[in-house]
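Q:
4 protein chains.
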Amino acid sequence: LRNEWFQNIIGSIADRGRELLGLDTEATKQRGLAALCRQLLAGQGEASGIALSQEILRIYGLADAEDKLRFFQILEAEFGPDPDRMQAAMARYLESRSADDLITLNSTVESPRQELFRRLNMAPHGTAALVSLRADLLGVLRQYPALKAVDADLKHILSSWFNRGFLQLRSIDWRSPAHILEKLISYEAVHEIQGWDDLRRRLMKDRRCFAFFHPAMPDEPLIFIEVAFVRGLSGEVGSLLDPAAPELDPKQADTVIFYSINNTQKGLRGVSFGNFLIKQVATELTNEYPWIKVLSTLSPIPSFASAVGQWLDGNGRAPHAELFGEVLQHHGAALREIDAGNGGNDALSNKELLKALLATRAYVSTSALAALLADLALAYLSTPDANGKLPDPVATFHLSNGARLERLNSNADVSENGIAASYGMMANYRYDLKDLESNHEAFVSRGVVTMSDALAKKARQYGREK
Amino acid sequence: LRNEWFQNIIGSIADRGRELLGLDTEATKQRGLAALCRQLLAGQGEASGIALSQEILRIYGLADAEDKLRFFQILEAEFGPDPDRMQAAMARYLESRSADDLITLNSTVESPRQELFRRLNMAPHGTAALVSLRADLLGVLRQYPALKAVDADLKHILSSWFNRGFLQLRSIDWRSPAHILEKLISYEAVHEIQGWDDLRRRLMKDRRCFAFFHPAMPDEPLIFIEVAFVRGLSGEVGSLLDPAAPELDPKQADTVIFYSINNTQKGLRGVSFGNFLIKQVATELTNEYPWIKVLSTLSPIPSFASAVGQWLDGNGRAPHAELFGEVLQHHGAALREIDAGNGGNDALSNKELLKALLATRAYVSTSALAALLADLALAYLSTPDANGKLPDPVATFHLSNGARLERLNSNADVSENGIAASYGMMANYRYDLKDLESNHEAFVSRGVVTMSDALAKKARQYGREK
Amino acid sequence: LRNEWFQNIIGSIADRGRELLGLDTEATKQRGLAALCRQLLAGQGEASGIALSQEILRIYGLADAEDKLRFFQILEAEFGPDPDRMQAAMARYLESRSADDLITLNSTVESPRQELFRRLNMAPHGTAALVSLRADLLGVLRQYPALKAVDADLKHILSSWFNRGFLQLRSIDWRSPAHILEKLISYEAVHEIQGWDDLRRRLMKDRRCFAFFHPAMPDEPLIFIEVAFVRGLSGEVGSLLDPAAPELDPKQADTVIFYSINNTQKGLRGVSFGNFLIKQVATELTNEYPWIKVLSTLSPIPSFASAVGQWLDGNGRAPHAELFGEVLQHHGAALREIDAGNGGNDALSNKELLKALLATRAYVSTSALAALLADLALAYLSTPDANGKLPDPVATFHLSNGARLERLNSNADVSENGIAASYGMMANYRYDLKDLESNHEAFVSRGVVTMSDALAKKARQYGREK
Amino acid sequence: LRNEWFQNIIGSIADRGRELLGLDTEATKQRGLAALCRQLLAGQGEASGIALSQEILRIYGLADAEDKLRFFQILEAEFGPDPDRMQAAMARYLESRSADDLITLNSTVESPRQELFRRLNMAPHGTAALVSLRADLLGVLRQYPALKAVDADLKHILSSWFNRGFLQLRSIDWRSPAHILEKLISYEAVHEIQGWDDLRRRLMKDRRCFAFFHPAMPDEPLIFIEVAFVRGLSGEVGSLLDPAAPELDPKQADTVIFYSINNTQKGLRGVSFGNFLIKQVATELTNEYPWIKVLSTLSPIPSFASAVGQWLDGNGRAPHAELFGEVLQHHGAALREIDAGNGGNDALSNKELLKALLATRAYVSTSALAALLADLALAYLSTPDANGKLPDPVATFHLSNGARLERLNSNADVSENGIAASYGMMANYRYDLKDLESNHEAFVSRGVVTMSDALAKKARQYGREK
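So this is what it looks like as structure tokens:
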């Protein structure tokens, strides 16, 4: 309520400013965004500043893709730093090494569009508008790489504003305002929410949902995580998502599963706080439910099937080709046995055989094949490249956070998506608060993937454990 | 409450981090702040980052002035940009003019201490700690000008964080939390609050108080303004401050007086939002009390007596000496008449006579002398120098905001302070929302001081009105 | 949050009480509710009182209809006042006329079950449980009239607790908590809400929803009203309910339509506050949207078709038979004309003809027939019986509130329900704040139905206007 | 805020009602309260009802003591039940024993003033006004006992409204609104609060304050309790009240002392909830600070000195005379020894000697005398009369709650009040949650005072322990 009261005041000021400046949307559209931006940067007055900011963001909001692009290009061409002045300032500083000259150098190098973005933030809901503007900008960056300079400025400012110290953790439940809940439905991309009944199930007592908010965007969850209280480590996602699943008293649970985490704002790409959220939630849950023994994700392995596919298609340079071959060899006998059971075809190589079996989804019912897939996945998720990077972004995220690879689950997500992405396999990454920092350190500095004892033993079979 | 809940989680994370890092306050004191800062900048881990930030701010908080100074000097010497890398980046950019090289240049020119400050903000109450750190830094800046580079970096970040778009206006009244009210008492510097009874009077129905807060410092009013509902323009401050003054129904009032405005955070010097506050409050009051006709300040003229004194002491280069002389000549006859009434002393020049009369505070009871003082004050407040600057900071503030000089009041503040600062004179600056922008423009661009008709007529006598 | 904190404390006390009393649900079920009630009334201890109350309400909640009935019968037979003691106390008071004896008489006449109900209220959520218990009780009252004494006691207490001075008006919108909104969906009975999208439309800017809450049932709207901002008086309900209807800026509206009002708690029957709500909402809307000229309902006429049907079926004693006959006569020529257009059947009387036409829903497309129906409805709604009572409960409600009958609308609700209830007709009752009291007085004291000029003129044709 | 919004609506309705009814305060004063009350009871209209209620309470508020008395007398004489109708209703019921006749009897016996009070509650702040009206009424009850009938009706209604199920526990601290804190200062009667600094000390981390509120009086603490976290059972009140006392981290504490409990509303006399509060607070503290081992009061013994005084003055019928004598005899030798030390006076009896010593406050420095006093106090607090009643209301309160008498402390309150009331002695009553119910039962049903082992042993010396 307070916030609305305040937005009304700002709105009044903006309205008065519009009047004073004689702003008229049709006319200002003609003048163009760049002209308004120049006026905004030139002016000092408060009312006119707010009015101009609001007008610029309004016209921007009405603009089509072409106009927006043109605007970005003007931002790039006309609102950047002045090379001559930069050069002179640099020369002066290098000579004097004085504080004053360093300050001048700094302000000369900073693009005027940074100040422009800061002033635009005065408009009501300015922060959200700038985040949305950046989402547009990111969409054309690949095609117009010169705009990267504009993006860098905007990202710099948003990173400063969305400093972790300013984020607010909120618990979301069925008593939360509907306009917030509605956003969960529309933003959930990992495991889509099928309407309000599904949502209600996800907010019952054996589920929790947490989100980060920024004070300037109080109605927008920036990122949210959904967790479930269960007995024993969950190995398949169907029962977690079933709207008709029976409700478990959290007091009866021993495990918490993080089964979905979603970034909602494209315009904040690169301003990440997912790791911050997951650790805060882990800490909070540990404080509030001290009897819970295990905190773990149940995570997709998004590019696994594609990596295996590349390898099977004979791409010698496929990442992990050598490792995958080793695993295949290890399971060769089992594979032949499956084949024999199916009638057999000696003409096929092991790779061809595997390819054929995968195509029929035989792994759903054939445990030996599932075991082979699990070993491939283990190889895939636990073997960084020469630069210490893993090919899987989800694994990279959780392992960087300090989680450990706990278990690989066959037939864990048998939806079309799950099959297509990873032959239905999913991974558990376990968060053990006391080990997070050392695991993180080992992974980030030395490329070491920490695993459960069971997986480590498996990995040793292939000589991969570190 | 929510906030506390959240601070507890961050606190838990920090505690765990302390443990993991083996932080021990005595030991870290030995290692020194700079070493901890280097570790903070080097690291990536969340828990350790929060713990380190908290530790650094804790040790800083315990440090004495000497240690703080040493820390500032290390920030200056070791956490600045690298000149060689800057030079190289500049050269590369000037040659390529590419976005990538501009981005590199930007990040090379930016001091690493900026990133350090951003990371420190992760600690619980980090923002407040950084504001307080800057207050310390400002205190030694004059003596150690090299530290200006550190200050510029910190100010740059605070300006970004305290962007007006993030400030929250709140109305403060007798139903506000005591720990906030307590701060009004301690921060009020214009007209000191004499304890809780005085405060209660200032929050009754014919008074209002508004403040700006920042979401990261929810318990700290950054700036606050006190207003009074009255009938007719107030010309003296005593009745406004009288704790026993009868309460007026705001519906009976026709005028609102802004009688005190206070910045509370030294560490935000130069990150001003006073004009933003006063205009928002003016807008809010106009919306909420549409029958109010006049919004005006009752303001001190802090340096008036000192300027007159310099002139009377024969300092020919005193600002306004010529103007003051003209006013004195105009009132010469009246002055002689007063003198005659007092016995008279023909040997004294007009200046000497005025000086003598001022010393006896004769203006309190002698209206002709009060009129002379009012004309001197008018000259003082309405005559910018060659650069368009006024000597009085209060006048500069309100006139820049677009207020107009409305009236000069004799015997308006007869406290010792009031007498010493301005022979008891105070000024009304009137805020008329529809004129603010044009007045602001006239003053800022052309050095024109807008006045009420009455004052303008007076000023024309001396040929000063513009 | 605070409330939950508090409920937890009460819960702890109750738990401890259970332990102390050795309560065990199976065992207490055996002992029976009456025995527990006797213990509750006998005891004084706090913890045991809360625990007993909770236990009684828990066991009651688990009971089947038969057990509940038995419990009600015991309340009637064993927890009523003692006739002998009453008689003695009466005799004593009549003799002494002393205050003390009057007090004794009062407490002797009051049934012990009143104190029982008061004690049950100590249990967490006790108030809601008692309201729900009364709903059960009302369901068996017709069959077991002796229980009316129990109901009278419970209603007496609920009337005292739900005193209008304790009700809290809240505005409900799309930012309200989902668990409250969910209740609107389930409680709306006048115009059913078709899921969350329909609800969202009913909470957009050109709609408002207000409800009364009681502090002891903060999650339960007791009664709620839905209003729509429109241009011109609405004459049909379809466009108001259309989820795809375009949104109107309330600033463009001149009329507010109250299109649905719902009591939600059966257990509060007879403890009415509908009139209080509608007047508060009318007052609030008038304050907040001063440009709105007309506040009016669009209301069903639930029993109109049934009354007309009885009359057409030849029931001579049907209410309004004479009046309806008069209207029919007045429209006789028009009726014959319609019939002629349809081929005609001279053998039918006017009544038979009308009956036939109504059966074919001819009024939907035949304006002359619609006009006849409107006149019948006018007669029906504006003619009280000898006791000043109207047959239509909706008309009675709004006219008692002081609204006036403003307009009758043909084809206003062409849903099956609307056709069945009133041949699709609906009525507007207009709330004009300045006339409410005098209209109310005229209707309640003298049976005068206030109407718009247009309707009054019509009514005069039949000599019925008063 | 919401509440204010709502009060404004009610206010608007009342204003309109005033206008409609032509209410004019001068005129209504002339008509008198009784006439307005009759009009209120007769009417049905909402607006007029609220307006009349408000008017009646306004005029009542302006009335002097004489007018108020006259109003009470009219309430007694004219707004009571009708004896003839009561008698007839009773006769009918006794004959028929029907539910309907019982209901009629009930409504006939109930005084019309009960309905009047219920209607008055519709006025803004009506509940608080009625509570305050009852405070006035209680003030004249002794002199005008006939008014007891009016009081009984009002108390009956207030008891129903202030049902424990409706009370809300709130924790009050230094972040609470000033207008609530201000009330603590003015209401604290046990240990007066010496201004805001004293209050702030009482709300620091080693202190807590809890209060009950009623939803209809959200700004009025009805009763509040102050607690202190200490190490070891507190035996004197000075250190608890010292504003300069060092702050103890509650984590270091092992004991919580309830050192002050205050009822604030005279008008709720007899509608007690002190025991409810103290048990809820004890439960809450036990939940929140599980390491606390002891919860105890440090309580005054208000009438002890007076009882001892009566006995020493030779009043044979003084309660406890026999017991006191026995204690005196037991300490006779010690008394003589003290006397001998002081010079001695053999002529005095033991009683005379004791009286003289008490008058000189010798007990402050003489431990043997302090021991004698402690034994007298033990006798006084642990020996119920034939009806099982104790003479000390504080002991009665805590023992009824189920606390046990834990320790008696000499020189525990050496303020003038403390000396005058109990020669400086205070008592600890300990709340042990698991024993409360059985102790309560023992005390209430059998007059047994539960004590600590140490006190029980002492009591056995005098053969008094039960």
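Residue numbers (our numbering), protein chains in the order written: chain A, 139 to 604; chain B, 139 to 604; chain C, 139 to 604; chain D, 139 to 604. Even for Gly, the Cβ is constructed at its ideal location relative to N, Cα and C.
1. Mind checking the region 459-475 of chain B against chain D and listing, in chain order, the residues whose C-beta falls within less than 7 Å of any C-beta there?
2. Indicate whether at least one CB of chain D lies closer than 8 Å to the CB of Val-247 (chain C).
3. Name, please, each residue of chain C whose Cβ falls closer than 7 Å to the Cβ of Ala-524 (chain D).
4. Shorter than 8 Å from the beta carbon of Ile-310 (chain B) to some beta carbon of chain A?
5. Roughly how many angstroms separate the alpha carbons of His-263 (chain A) and Gly-264 (chain B), rounded to a whole number?
6. Step through the CB atoms of chain A and report whether any lies within less than 8 Å of the CB of Arg-154 (chain B).
7. Could you tell me whether the Cβ atoms of Ala-565 (chain B) and Ile-439 (chain B) are closer together than 8 Å?
8. Got a sec, what are the start and stop residues for the alpha helix (DSSP H) Ala-589 (chain B) sits in?
9. Chain D beta carbons: is any one of them nearer than 8 Å to that of Glu-193 (chain C)?
10. Among B:Val-587, B:Leu-461, B:Asn-400, which residue has its Cα nearest to the Cα of Gly-412 (chain B)?
11. For Leu-139 (chain A), does the count of other Cβ atoms within 10 angstroms reach 16, so buried, or fall short, so exposed?
12. Spell out whether any CB of chain B is found under 8 Å from the CB atom of Trp-429 (chain A).
13. Any residues in the region 406-437 of chain A with a beta carbon nearer than 8 Å to a beta carbon of chain C? Which ones, in chain order?
14. Roughly how many angstroms separate the alpha carbons of Met-355 (chain D) and Ser-505 (chain B), rounded to a whole number?
15. What are the boundary residues of the beta strand (DSSP E) that Ala-349 (chain B) is part of?
16. Taking 8 Å as the threshold (beta carbon to beta carbon), is Pro-315 (chain B) in contact with chain D?
17. Within the region 391-443 of chain A, note down every full beta strand (DSSP E) run reaching 3 residues or more, in order along the chain.
18. Helix, strand or coil for Glu-164 (chain B), going by three-state DSSP, please let me know.
19. Assign Gln-192 (chain D) to one of three DSSP states: helix, strand, or coil.
20. Report yes or no: is there a C-beta of chain D within less than 8 Å of the C-beta of Pro-353 (chain C)?
21. Considering only residues of the same chain and omitting the five flanking positions on each side of Asp-344 (chain B), which have a CB-CB separation below 8 Å?
22. On the premise that Arg-313 (chain B) lies in contact with Pro-315 (chain D), defined as a C-beta separation below 8 Å, what is that separation, rounded to the nearest angstrom?
23. Which residues in the same chain as Ile-148 (chain C) place their Cβ atom closer than 6 Å to its Cβ, once the five residues preceding and following it in sequence are excluded?
24. Express the C-alpha separation of Glu-374 (chain D) and Asp-551 (chain D) in angstroms, rounding to a whole number.
25. Starting from the Cα of Leu-341 (chain C), find the closest Cα among C:Ser-186, C:Leu-200, C:Ala-382 and give me that residue.
26. Expressed to the nearest angstrom, what Euclidean distance is found between the alpha-carbon atoms of Leu-360 (chain D) and Val-328 (chain D)?
27. Would the region 210-228 of chain C and the region 270-285 of chain C be scored as touching if the rule is three or more Cβ pairs under 8 Å?
28. Nearest CA to the CA of Glu-358 (chain D): which residue from D:Lys-321, D:Gln-332, D:Met-589?
29. Taking only three categories from DSSP, how would you classify Phe-581 (chain A)?
30. Run through chain A and tell me which residues come within less than 9 Å of Trp-334 (chain C), C-beta to C-beta.
31. Using 8 Å as the threshold, is the C-beta distance between Ala-237 (chain D) and Ala-215 (chain C) below it?
32. Going by other Cβ atoms of all chains shown within 10 Å of its Cβ, with 16 needed for buried, is Leu-473 (chain A) buried or exposed?
33. Looking only at its own chain, which residues have a Cβ that is under 7 Å from the Cβ of Leu-195 (chain A), when we skip the five neighbours before and after it?
A: Taking the structure as given:
1. Hits within the stretch: zero.
2. The sequence position of residue 247 (chain C) within the third sequence is 109, counting from 1. Using a CB distance cut-off of 8 Å, Val-247 (chain C) counts as an interface residue toward chain D.
3. In the fourth sequence, counting from the first residue as 1, residue 524 (chain D) sits at position 386. Simply none; closest approach about 20 Å.
4. Within the second sequence, numbered from 1, the residue matching residue 310 (chain B) stands at position 172. Output row for Ile-310 (chain B): interface = no.
5. On the first sequence, position 125 is the one that residue 263 (chain A) refers to. On the second sequence, position 126 is the one that residue 264 (chain B) refers to. Approximately 25 Å between the Cα atoms of the pair.
6. Translated into positions along the second sequence, residue 154 (chain B) becomes position 16. Cβ-Cβ to chain A under 8 Å: yes for Arg-154 (chain B).
7. Reading the second sequence from its first residue, position 427 is the one you call residue 565 (chain B). Reading the second sequence from its first residue, position 301 is the one you call residue 439 (chain B). Against a cut-off of 8 Å, the Cβ pair of Ile-439 (chain B) and Ala-565 (chain B) comes out as a contact.
8. Residue mapping note: residue 589 (chain B) aligns to position 451 of the second sequence, counting from 1. The sequence as given places Met at residue 589 (chain B); Ala does not occur at that position. Going by DSSP, Met-589 (chain B) is part of no alpha helix (DSSP H) at all; its letter is neither H nor E.
9. Numbered from its first residue, the third sequence carries residue 193 (chain C) at position 55. Chain D contact via Cβ: absent.
10. Stepping through the second sequence from its first residue, residue 412 (chain B) is reached at position 274. Ranking B:Val-587, B:Leu-461, B:Asn-400 by CA distance to the CA of Gly-412 (chain B) puts B:Asn-400 first.
11. The residue given as residue 139 (chain A) occupies position 1 in the first sequence. With a pLDDT of only 39 at Leu-139 (chain A), under the threshold of 50, the placement of this residue in the model should not be trusted, and no figure is reported.
12. Translated into the one-based positions of the first sequence, residue 429 (chain A) becomes position 291. Taking 8 Å as the threshold, the shortest C-beta distance from Trp-429 (chain A) to chain B does not fall below it.
13. Contacts with chain C (Cβ-Cβ distance below 8 Å) from the region 406-437 of chain A involve no residue at all.
14. Your numbering for residue 355 (chain D) matches position 217 in the fourth sequence. Your numbering for residue 505 (chain B) matches position 367 in the second sequence. About 55 Å.
15. On the second sequence, position 211 is the one that residue 349 (chain B) refers to. Per DSSP, the unbroken beta strand (DSSP E) holding Ala-349 (chain B) starts and ends at 345-351.
16. Here residue 315 (chain B) refers to the residue found at position 177 when the second sequence is read from its first residue. Closer than 8 Å to some Cβ of chain D, the Cβ of Pro-315 (chain B) qualifies, so yes.
17. Counting only runs of 3 or more, we get 393-401, 432-435.
18. Taking the first residue of the second sequence as position 1, residue 164 (chain B) is located at position 26. Glu-164 (chain B) carries a helical assignment under DSSP once its states are collapsed to helix, strand and coil.
19. Taking the first residue of the fourth sequence as position 1, residue 192 (chain D) is located at position 54. Three-state DSSP puts Gln-192 (chain D) in a helix.
20. If you number the third sequence from 1, residue 353 (chain C) lands on position 215. Interface annotation, Pro-353 (chain C): in contact with chain D, CB-CB separation under 8 Å.
21. Here the question's residue 344 (chain B) lines up with position 206 in the second sequence. Shown here for Asp-344 (chain B): same chain residues with a beta carbon closer than 8 Å to its own, the five before and five after excluded, namely Ala-366, Phe-367, Val-368, Glu-385, Leu-386, Asp-387, Pro-388, Ala-391 in chain order.
22. Numbered from 1 along the fourth sequence, position 177 holds the residue referred to as residue 315 (chain D). Numbered from 1 along the second sequence, position 175 holds the residue referred to as residue 313 (chain B). Taking the Cβ atoms as the reference, Pro-315 (chain D) lies roughly 4 Å from Arg-313 (chain B), within the contact range of under 8 Å.
23. Position 10 of the third sequence holds residue 148 (chain C). Excluding sequence neighbours, Ile-148 (chain C) sits near Pro-262.
24. Start at 1 with the first residue of the fourth sequence, and residue 551 (chain D) comes out as number 413. Start at 1 with the first residue of the fourth sequence, and residue 374 (chain D) comes out as number 236. Taking the straight line from one Cα to the other gives about 6 Å.
25. What you label residue 341 (chain C) is simply residue 203 of the third sequence in a count that begins at 1. Ranking the options by Cα distance to Leu-341 (chain C), first place goes to C:Ala-382.
26. Within the fourth sequence, the letter at position 222 stands for residue 360 (chain D). Within the fourth sequence, the letter at position 190 stands for residue 328 (chain D). If you take the alpha carbons of Leu-360 (chain D) and Val-328 (chain D), they lie about 15 Å apart.
27. Yes, the region 210-228 of chain C touches the region 270-285 of chain C.
28. Counting from one through the fourth sequence, the residue named residue 358 (chain D) turns up at place 220. Among D:Lys-321, D:Gln-332, D:Met-589, the Cα nearest to that of Glu-358 (chain D) belongs to D:Lys-321.
29. The residue labelled residue 581 (chain A) in the question sits at position 443 within the first sequence. In this structure, Phe-581 (chain A) counts as helix in the three-state DSSP scheme.
30. In the third sequence, the residue the question calls residue 334 (chain C) occupies position 196. Those within 9 Å of Trp-334 (chain C) in chain A are Ala-316, Glu-320, Gly-333, Trp-334.
31. The residue given as residue 237 (chain D) occupies position 99 in the fourth sequence. The residue given as residue 215 (chain C) occupies position 77 in the third sequence. For Ala-237 (chain D) and Ala-215 (chain C), no; Cβs fall outside 8 Å.
32. The residue given as residue 473 (chain A) occupies position 335 in the first sequence. Around the beta carbon of Leu-473 (chain A), 16 or more other beta carbons sit within 10 angstroms, so the residue counts as buried.
33. Taking the first sequence and counting its residues from 1, the one referred to as residue 195 (chain A) is at position 57. Around Leu-195 (chain A): Leu-258, Ala-261, Gly-264, Ala-267.
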